Structure formats: structure tokens, C-alpha cells
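> Quick one: structure below, then a few questions.
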Amino acid sequence: MESSHIREPKGQASDRDMNSNKTSQASEELQSNFKPELNEQLESHNQVVNALQSPEHEEEDVNETYYNFQLFLDQIQDARCAPLIKYTRSFLRNFVTQRAIWSATEQDKLIKDFKTFIYSKYKDFKPFSDLNKTELRNAEEGMEKLLTGKLYHHLFSPLLAERAKAAGIEADKEHLDDIEKDKMFIKKVAEFKFIEPTNLDISFQNVKRVKKFTSFASIELNKMNNFKAPRDKMVCILNASKILFGLMKHSEETGADCFVPLLIYTLLSGKIENLVSNINFIERFRYSSLFRGEEAYYLSSLQAASNFILKLDKKSLTIENEKDFDTKYEQNIENVKQDQLQKEKLLKETKQEESSNMLDDVSNMVMNKLNEFFIQDEPQKEKKKEVHHKANSKNEDGEVASMIKQLEAKEHQETVETLTSMFPDLDVEIIEDVCIAKKHRIGPCVDVLLTLSN
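Position one of the sequence shown corresponds to residue 1 (the UniProt record's numbering), numbered consecutively onward.
So, in C-alpha cells, the structure goes:
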């Protein structure tokens, strides 16, 4: 189906059907630099690339990244918003009870239609009716996060398939296709993880730096599996992409025809689980008006890169020494087989346990806090519990706020540690100062640190 969820960057136009995992034909410039297999999947967005590297874009990025989910929770719990809670509660209940499994296309339409409806209702109820444009966008982001968080096990393909299997029913073809492509992607990455940047026509002089930066970018991409909201997953893609753009900006290579090969190498050098499922989740459930131009560009680029890998074979690569390549290929295949045998042995000997983390705890507490609103049907119950609820709510608010601060501090520390590994020649104190100045946003931090290291 044709996606209505992705807005094209300003000044660009293309005909895409992202849900069928196709992108428009590449420009003549890309055709002159890449193999035919890649040309079929890439889009040339050089105007976007130039805009993303401009100072004006960074200022715009700061203005548009305001996000406060806790503020939205406080607003939606305002007594004047009771009808909004009622609408949301009714939608969630109907979504999970009217049918065991919805197809991906049906889910897309149901959730998009409800968001369109509920967003239009914001103007009728305070405090939402009094919000400015930035605050209203935050409220829309909050509702999207709430909906996808509550329904995540019904929406995310790997989890939906597990639910369907447990219930003895079959998931729909679209969700099963996501999972099949996830498996194929992992298989292809294992098959070609040994390749060098030059096999993808990446001609950076400092190959060691390329490998280090792409490795950290792949770690950022894999963090998508830690989140349940389209926006949060999209932030992981933005962080990874800005690491690569920082590398490009401080090298001799620039432009979209350099970015996508770097992205492909990033995917091949990492262990990114559920990539296709994550891309399609964002595409299906990110509301169209919340998509910024750069997000659409990065998402379509990631999709082009993943599609290229799904079809990857020897003919798709630039190979100077066929004999040497074949030797490395055969050795890698043997290593993959041994790794698989070792993995199967470990699975038989040990039980796999899911470990809880602070992010899960915060998410669960926030969702549990809202559950009261979604299960209460009688006004009398609300009145009887009002005093008790206020006391508990105050304690819960404090606990959630404390955990959020701890999580934020942990994320900031991880950012510093990541950047310290990327820039071992710079003093940790300098890196910390840059992180504070740039509010721990990894893209701008990488840009400044590259300048200092050069």
C-alpha cells in the first residue's frame, strides 16, 4: 500500500511505496557511482544532505526536538480532559477485543484514523486548547507514545507473531513478511560481514576511523529494540545517521552517494536485530505531520540500505582480487557455521532469561499509572478513590521523576563513554564539556569533537 506517513524533504519529490520496500530510481549521479543493484533502491537527496550540514538546520533541529512525555501525562490526567480519556480507553479496548489479530494495513488505518480524531479534539478541551504550536506537537507525540506503548505487543511484528502462536492462530502475511525479512537480513549480514569499505566504493583514507564510527552507529541503531514509540526508535536512527554525517563532514567525501554506502557498511558491521520490523513499525505508526524532512530522508536511506543487503551477492560488490575475496568468503562461511553450532549448544545448556532494566521499569510505571484511567467506568469509583489516588499519585510521580533522572544520567554517561571510545586522543574532560554544551546530542557532539581531533 502507498504510505501516507512520510513527508518528502522540502524541494524534493519522489513516488515511493515504502510499505512494499521499494524506493524510486536513483539519480544520474548515483548511477555513475554505484552498481545497478544499488541504483534500483537509492534516492538522491543531495539538497537534503546540504541542508542537514548547514548551521540553520542545527538551529531548526533544536527548536523541533522539544519533547516532554511527563508533561503530556500531567495534561491528559487533568479532570477537564475526561472525554479524551474516555475516547482513548474505548479505542484501546476495542482494538484488543474486537479481533485477535489485525493485519498491518488494518492497524495502520485504525491507529492513524484515531490519532486524526483525537488530535482534532485537543482544541475542545483545556489545557490542550491553550497550547502553542510547540506544546501541541508535544501533546501529539505523547498520545502517539501512549497508544503504541499500550498496544506494542499487538503491533510489533516479532511480538505479535509470538502472541498469535501462543493463541494457536496465524499472524497476517504482512507481519510474517517482516519477520521473514528480519531473518534473511541477519543471514545476509553474517554471510558478508567480512567485507571491507572498498567493496562498497567507500574510499575514505582513514579506514580505521570509518570502522570505529560505523561500529558505534550500528550500536545506536540496535537501540531501536529498547523502545516502543515510533519517535523513540526514530531518534536512534537519527543518532546513527548523524554519527555518519559527522564522519563525512570531516573527510573528503560528501553527499548522499557517500552516505548510503556508509549506512550499508554500518548494517553489515553490526548485529542489528529486527531491523525490517523496526523500519516498518516506524513507517506504519509514525503520524505523518510529526515526520520532519530529515526523518523521512534518514528512514528512506535506511530502508534502501537494508533492501540492498537483502539482495546482496558477490556481483553487487566491487572486488579487485577475486581469489582473495573467495578465500575470505569461504572462511567466513565456515566461521558462521561454527558460531551457529556453538550458539545451539549454549541454548541447550542454559535458559535464556529476560533481564529487567531501568527503561522498562520507567515505561511500566508510566503505563500502570494510566491504567486506572482506562479501567474505571463508573464515576462513583473515581470519587471514592480520589483522595487515596491523589496521595498515591504524588508518590508515584516522585518515583517516576527520580527514575527518569537516573535514566537520563545513565544515558548521558553512556554518551560520554561512547564518544571517549570514538575519540581516544581527546581528554575526557574536553569530551564532557562538549557533551554539556551540546546537551548530549550525539550528532552535534561528534561534529565538534571531529573538529577538535583534526
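Every residue gets a Cβ at the ideal spot worked out from N, C-alpha and C, and that includes glycine. No experiment lies behind these values; they were computed from the predicted model shown.
Please find out if some non-hydrogen atom of the ligand COA comes closer than 7 Å to the beta-carbon of lysine 233.
The ligand COA is absent from the structure shown, which contains no ligand whatsoever.
> If you check the beta carbons only, do asparagine 68 and asparagine 138 fall under 8 Å apart?
Yes.
> Looking at the unbroken alpha helix (DSSP H) that takes in isoleucine 195, where does it start and where does it end?
Segment: none, isoleucine 195 is in no alpha helix (DSSP H) and carries neither H nor E.
> Ignoring anything shorter than 4 residues or poking outside the region 250-335, list the alpha helix (DSSP H) runs there in chain order.
You should have 256-269, 275-285 and 293-310.
> Alpha helix (DSSP H) containing asparagine 226: first to last residue?
Note, asparagine 226: premise wrong, no alpha helix (DSSP H); not H, not E.
> Looking only at its own chain, which residues have a Cβ that is under 8 Å from the Cβ of leucine 268, when we skip the five neighbours before and after it?
Val189, Phe192, Lys193, Ile195 and Ile309
> I need the straight-line Cα distance from lysine 439 to glutamate 140, nearest angstrom please.
When rounded, the distance between both Cα atoms is 24 Å.
> Are the CB atoms of methionine 143 and isoleucine 118 within a distance shorter than 8 Å?
yes
> Can you check whether the CB of arginine 231 is closer than 8 Å to the CB of lysine 145?
Taking 8 Å as the Cβ cut-off, lysine 145 and arginine 231 qualify as a contacting pair.
> In terms of residues, what are the limits of the alpha helix (DSSP H) holding tyrosine 119?
104-121
> Checking 8 Å against the spacing of the C-beta atoms, do glutamate 273 and asparagine 222 come in under that value?
Yes, the pair counts as a contact, with Cβ atoms nearer than the cut-off.
> List the whole-angstrom C-beta distance separating isoleucine 202 from proline 261, where the pair is believed to meet the contact cut-off of C-beta under 8 Å.
5 Å
> What first and last residue would you give for the alpha helix (DSSP H) that runs through arginine 99?
Premise fails: arginine 99 is in no alpha helix (DSSP H) and is neither H nor E.
> For my contact list, threonine 214 and threonine 266 are in at a C-beta cut-off of 8 Å; report their separation, rounded to the angstrom.
4 Å
> Just tell me which of Asp172, Leu73 and Ile219 has its CA closest to the CA of alanine 104.
Of the candidates Asp172, Leu73 and Ile219, the residue whose Cα lies closest to the Cα of alanine 104 is Asp172.
> With a Cβ-Cβ cutoff of 8 Å, do leucine 299 and glutamate 320 count as a contact?
no
> Which whole-angstrom value is the C-beta distance of serine 277 and aspartate 182, which I expect to be below 8 Å?
5 Å
> Going straight from the alpha carbon of glutamate 174 to that of leucine 200, what length do you get?
31 Å
> What number of angstroms, rounded off, separates the C-alpha of valine 91 from the C-alpha of alanine 217?
Note that residue 91 corresponds to phenylalanine in the displayed sequence, not to valine. Cα-Cα distance, rounded: 37 Å.
> By a C-beta neighbour count over all protein chains shown, 10 Å radius and 16 as the cutoff for buried, is asparagine 206 buried or exposed?
exposed
> Straight-line CA distance for tyrosine 152 to isoleucine 430?
The alpha-carbon atoms of tyrosine 152 and isoleucine 430 are separated by roughly 40 Å.
> Could you check the C-alpha separation between alanine 437 and alanine 305 for me, to the nearest Å?
33 Å
> Look at the Cβ atom of phenylalanine 114, then the Cβ atom of leucine 84, and state whether they are nearer than 8 Å.
no
> Looking at the secondary structure, which residues open and close the alpha helix (DSSP H) in which tyrosine 152 lies?
152-155
> Please go through the same chain and pick out, in chain order, the residues whose beta-carbon is closer than 6 Å to the beta-carbon of leucine 275, but skip the five residues on each side of it.
Phe185 and Ser306
> At what residues does the alpha helix (DSSP H) containing glutamate 170 begin and finish?
That residue, glutamate 170, is in no alpha helix (DSSP H); it is neither H nor E in DSSP.
> So, is the C-beta of phenylalanine 259 closer than 8 Å to a C-beta in chain C?
Although the question refers to chain C, the structure presented lacks it and comprises just one protein chain.
> What is the DSSP secondary structure of glutamate 378, reduced to helix, strand or coil?
Low confidence applies to glutamate 378: its pLDDT is 43, below 50, so where it sits in the model is not reliable, and the reading given next is rough at best. Residue state, collapsed to three classes: coil.
> Taking 8 Å as the threshold (C-beta atoms), are leucine 419 and leucine 452 in contact?
no
> What is the C-beta distance between tyrosine 66 and threonine 134, in whole angstroms, given that I count them as a contact (C-beta under 8 Å)?
The beta carbons of tyrosine 66 and threonine 134 sit about 5 Å from each other, so the pair counts as a contact at 8 Å.
> What does the alpha-carbon distance come out to for the pair valine 235 and lysine 165?
31 Å
> Among Gln338, Arg441, Pro197 and Lys212, whose alpha-carbon lies nearest the alpha-carbon of histidine 412?
Here the closest residue by C-alpha is Arg441.
> Return the residue from the list Arg80, Arg292, Met224 and Val416 that minimises the CA-CA distance to residue 457.
Any question about residue 457 goes unanswered here, given that the chain covers just 1 to 454.
> Run through DSSP, which three-state label would aspartate 427 get?
coil
> Consult DSSP for aspartate 74 and reduce its assignment to one of helix, strand or coil.
helix
> DSSP three-state label for arginine 441, please.
coil
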